[in-house]
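Notes follow once the structure below has been shown.
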Amino acid sequence: MTIRNHHRPSCGDPPIVNEDSRYTYIGYFESQYGEQWIFTCNRVTGETELRGGDTGWNKPWQVVGGKVDGLNLNREEKL
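Position one of the sequence shown corresponds to residue 2 (the working numbering), numbered consecutively onward.
As C-alpha cells, then:
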C-alpha cells in the first residue's frame, strides 16, 4: 500500500506497507484536515503499530490495549 503524503517534507516519506502475510491487518485513516495514520496488526502475535505523518512517518508507535502512550489522539483518530 502506498499513499500520498499530505504533510511537510520533514515528516519523511509515507511508509510502504507490504502485506507479506495473510495475518497482517492494515488500516488507513485520513481526517477531514488531511492528518494521516497507518495502523498495522499481526493477527497471530497481536503486535500492533501506528504511524502518522504528523509524528514522522518513520517513527512507529506501539499500540497496547488500544492505547498509544505518548500520543494525544482525538476520538475520530482513536476509532
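Yeah, the Cβ is synthetic: ideal placement off N, Cα and C, and Gly gets one too.
Bounding residues of the alpha helix (DSSP H) (the contiguous stretch that carries residue i)
i	result
Glu78	Arg76 to Lys79
Environment of residue i [buried if 16+ CB atoms lie within 10 Å]
i	result
Ile27	exposed
Pro15	buried
Proximity below 8 Å, CB of residue i to CB of residue j
i	j	result
Gly54	Cys12	yes
Tyr24	Arg52	no
Val69	Thr41	no
Bounding residues of the beta strand (DSSP E) (the contiguous stretch that carries residue i)
i	result
Ile27	Thr25 to Glu31
Cys42	Gln37 to Asn43
Arg52	Thr49 to Gly53
Beta-ladder partner(s) of residue i, from DSSP
i	result
Val65	Lys68
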